[in-house]
Amino acid sequence: MKEQIAAAIEAVREKKPLTHVITHQITANDTANAILALGARPIMAEHPAEIKEIVAAVSALGVSLGNINDSRLQAIRIAGETACGSHKPHIIDCVGTAVSRLRFDFAHDYISGCRPAVVKGNASELLALVGCSSHAVGVDAGEEDALYRRLSEGRNDSAELKALSDFSRQNKTVVVITGEQDIVIAEKNVALVSNGTPLLGRITGTGCMLTGIITAFLGAGAAPLTAALAGLTVLGAAGEKAAAQAGINHPGTFHSLLFDALAEISPANLEAKVKMI
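Under our numbering, residues 1 to 277 are what the sequence shown spells out, in order.
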């Protein structure tokens, strides 16, 4: 898998894919800068009247349900339908599906109708989405839902993990569960990714940055599983490097250094901490 991740990084730098991400005003600027730092090109359009034209012009699409409003929901639906109809890969970030019925219902309809290549969220959001008990704290995952601990201990046969695997298989999508350690599920394939730093959780927007980065890998031609693993390892490794320079109590400095670290990531200096289970 490390060879595929290395090839995906090189493909983004070579192809510079035009990447369309629909996210919200809190994170749009950082998401665009993360995509640029990686080597791709972002477009952040969200007006419903122009979405079909924009999706037609790009290589891949990423959408987020964070800080949602009526206009953006409309734009996301149009974008997803257009991407599906033109067979362009896309990812949905299911922000808030464990705490908002609006987002829960929309995510279900989007996934069944638009067939995204990747479905992303924290453990509480995705457990709620597949009908399991969840313990969200607002848009954050509840401590009780830390599925990575079970996998770290070799316990991969829980009802929750089976439900997520079934969801992946039924929807032909890769499931990305973010957390202290990240989980990627592609039908029967399960991976645990341990790249990262607590500082990624102390600044706003890293979840949307990850969505944008995975979108860039999809746009450069990576398979959905590879794109997911590449996105997680690249952002996590960049975070580790930025944290080592900034220090744990300097989130503002870390924020600036994170973009530098993303720009410096290469196959030669990337330690991808991926464990296939």
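C-beta: ideal position from N, C-alpha, C; glycine also.
Next on the checklist: Can you find the residues in the same chain that come closer than 6 Å, C-beta to C-beta, to K126, ignoring five residues on each side of it along the sequence?
Outcome noted: Translated into the one-based positions of the sequence shown, residue 126 becomes position 126. Note that residue 126 is Leu in the sequence shown, not Lys. Hits under 6 Å: I177.
Checklist entry - Taking R77 as the reference, which of R103, E160, L229, A128 has the closest Cα? => result Residue mapping note: residue 77 aligns to position 77 of the sequence shown, counting from 1. Looking at the Cα atoms, R103 is the closest of the given residues.
Checklist entry - With 16 as the cutoff for other CB atoms within 10 Å, does A220 come out buried or exposed? => result Position 220 of the sequence shown, counted from the first residue, corresponds to residue 220. Under this definition A220 is a buried residue.
Item to check | Collapsed DSSP secondary structure at N69 in the structure displayed | outcome: For the purposes of this step, residue 69 is identified with residue 69 of the sequence shown, where counting begins at 1. Of the three classes helix, strand and coil, the one that applies to N69 here is coil, per DSSP.
Item to check | Nearest to V95 (by Cα), restricted to the options A57, P42, G62 | outcome: Within the sequence shown, residue 95 is the residue found at index 95, counting from 1. Comparing Cα-Cα distances from V95 to each of A57, P42, G62, the minimum goes to G62.
Item to check | First through last residue of the alpha helix (DSSP H) which encompasses R169 | outcome: Counting from one through the sequence shown, the residue named residue 169 turns up at place 169. Taken as a continuous stretch (DSSP letters only), the alpha helix (DSSP H) holding R169 covers 159-171.
Next on the checklist: Quick test of your reading: F217 and A32, contact by CB under 8 Å. State the CB separation rounded to the nearest angstrom.
Outcome noted: Start at 1 with the first residue of the sequence shown, and residue 217 comes out as number 217. Start at 1 with the first residue of the sequence shown, and residue 32 comes out as number 32. No, F217 and A32 are not in contact; Cβ-Cβ is about 16 Å, not under 8 Å.
Checklist entry - Can the beta-carbon of L199 be found closer than 8 Å to that of I248? => result Along the sequence shown, read from residue 1 onward, the residue named residue 199 stands at position 199. Along the sequence shown, read from residue 1 onward, the residue named residue 248 stands at position 248. Going by C-beta atoms, L199 is nearer than 8 Å to I248.
Item to check | Own chain, CB closer than 8 Å to A223, minus 5 neighbours either side, in chain order | outcome: Start at 1 with the first residue of the sequence shown, and residue 223 comes out as number 223. Here the set comprises Q4.
Checklist entry - Would you report the Cα separation of E46 and H90, rounded to the nearest angstrom? => result Within the sequence shown, numbered from 1, the residue matching residue 46 stands at position 46. Within the sequence shown, numbered from 1, the residue matching residue 90 stands at position 90. Their backbone Cα atoms lie some 15 Å apart in a straight line.
Next on the checklist: Buried or exposed, going by whether 16 or more other CB atoms sit within 10 Å of the CB of K280?
Outcome noted: What the structure shows of the chain is the stretch from 1 to 277, and residue 280 is not part of that stretch, so it cannot be assessed.
Next on the checklist: Tell me the rounded alpha-carbon separation between A49 and D30.
Outcome noted: For this step, residue 49 is matched to residue 49 along the sequence shown. For this step, residue 30 is matched to residue 30 along the sequence shown. Those two C-alpha atoms are separated by around 25 Å.
Checklist entry - Are the CB atoms of S64 and D93 nearer to each other than 8 Å? => result Looking up residue 64 in the sequence shown gives position 64. Looking up residue 93 in the sequence shown gives position 93. In contact: S64 and D93 (Cβ atoms closer than 8 Å).
Next on the checklist: For the beta strand (DSSP E) containing M276, name the first residue and the last one.
Outcome noted: Within the sequence shown, the letter at position 276 stands for residue 276. From DSSP, the beta strand (DSSP E) with M276 extends over 274-276.
Item to check | Rounded distance between the beta-carbons of V175 and L164, thought under 8 Å | outcome: Taking the sequence shown and counting its residues from 1, one reaches residue 164 at position 164. Taking the sequence shown and counting its residues from 1, one reaches residue 175 at position 175. That belief holds up - the Cβ atoms of L164 and V175 are roughly 6 Å apart, short of 8 Å.
Item to check | Distance between T97 and R150 (C-alpha atoms, nearest Å) | outcome: As a first step, residue 150 is located in the sequence shown; it is residue number 150 there, counting from the start. As a first step, residue 97 is located in the sequence shown; it is residue number 97 there, counting from the start. Taking the straight line joining both Cα atoms gives about 23 Å.
Checklist entry - Identify the residues that DSSP records as bridge partners of I22: which are they? => result By 1-based counting over the sequence shown, the position of residue 22 is 22. DSSP lists V63 as partners of I22.
Checklist entry - Under 8 Å between the Cβ atoms of I185 and S158? => result The residue you call residue 185 lines up with position 185 of the sequence shown. The residue you call residue 158 lines up with position 158 of the sequence shown. For I185 and S158, no; Cβs fall outside 8 Å.
Next on the checklist: Tell me whether the stretch 123-138 and the stretch 200-211 touch, counting them as touching only if at least three CB pairs, one residue from each stretch, are closer than 8 Å.
Outcome noted: no
Checklist entry - Nearest CA to the CA of E187: which residue from K162, G201, G196, S194? => result For the purposes of this step, residue 187 is identified with residue 187 of the sequence shown, where counting begins at 1. It is K162 whose Cα lies nearest to the Cα of E187.
Checklist entry - Going by Cα to Cα distance, which pick from E240, K275, K273 is closest to L258? => result On the sequence shown, residue 258 is found 258 positions in, with the first residue counted as 1. The option with the nearest alpha carbon to L258 is E240.
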